[in-house]
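Numbering (the numbering used here), first residue to last: 148 to 281. Backbone N, C-alpha and C fix where the C-beta goes; we use that ideal spot for every residue, glycine too. Just so we're clear, the structure is a prediction, and the values are computed from it rather than from any experiment.
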Amino acid sequence: MFTEFPLPQKQTPFGLVSDPKIPLSVRTLAGYSTYRFLIDTGADFSLAPRRLAQQLGLEWKTLPETRVMGIEQAGVMARLGLMPIRLQSIELKVRTLFVDTRKPLFILGRADFLDRFVLTIDQHQRKIILTKIM
148 MFTEFPLPQK QTPFGLVSDP KIPLSVRTLA GYSTYRFLID TGADFSLAPR
198 RLAQQLGLEW KTLPETRVMG IEQAGVMARL GLMPIRLQSI ELKVRTLFVD
248 TRKPLFILGR ADFLDRFVLT IDQHQRKIIL TKIM
């Protein structure tokens, strides 16, 4: 089973670059909400803003805490929780680091997501293809 998404581009000061973001349905207390996540093969874990953890009903103070490097110079504190997502008919619970930053981050990392799919970024056809690993 595979899923295709268009591969968007964004303008930078140095020209156009691919911007591999895909829409994902996240199961919140109010039902499913769609967010656009950047696919990041260099990220160990997925990242999302603190407000999403609250929408999932996660109790912030009870979540395990860690420092995440690579976001700001000194890193930021994050809390680890499970984020229930749906990609078409596939439902997953993805370990996610929730961060309290000014700019909301929506990043899909390897743990529980990219380790379950083969990722193809087809620059020629401008597509992102996720093929489920059986």
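Query, Result
"Separation of Gly-217 from Ile-169, as counted between CA atoms", "22 Å"
"CB contact check: Leu-277 to chain C, cutoff 8 Å", "Among the protein chains of the structure shown there is no chain C, as only one such chain exists."
"Secondary structure of Gln-272, DSSP reduced to three states", "coil"
"Best match in Pro-231, Ile-186, Gly-222 and Val-241 for proximity to Gly-178 [C-alpha to C-alpha]", "Pro-231"
"Phe-245 burial status per 10 Å Cβ neighbour count (16 or more: buried)", "buried"
"Reduced DSSP secondary structure (H/G/I, E/B, other) of Lys-240", "strand"
"CA-to-CA distance, Arg-214 to Arg-273, given in whole angstroms", "35 Å"
"Distance, Arg-197 Cα to Gly-204 Cα", "11 Å"
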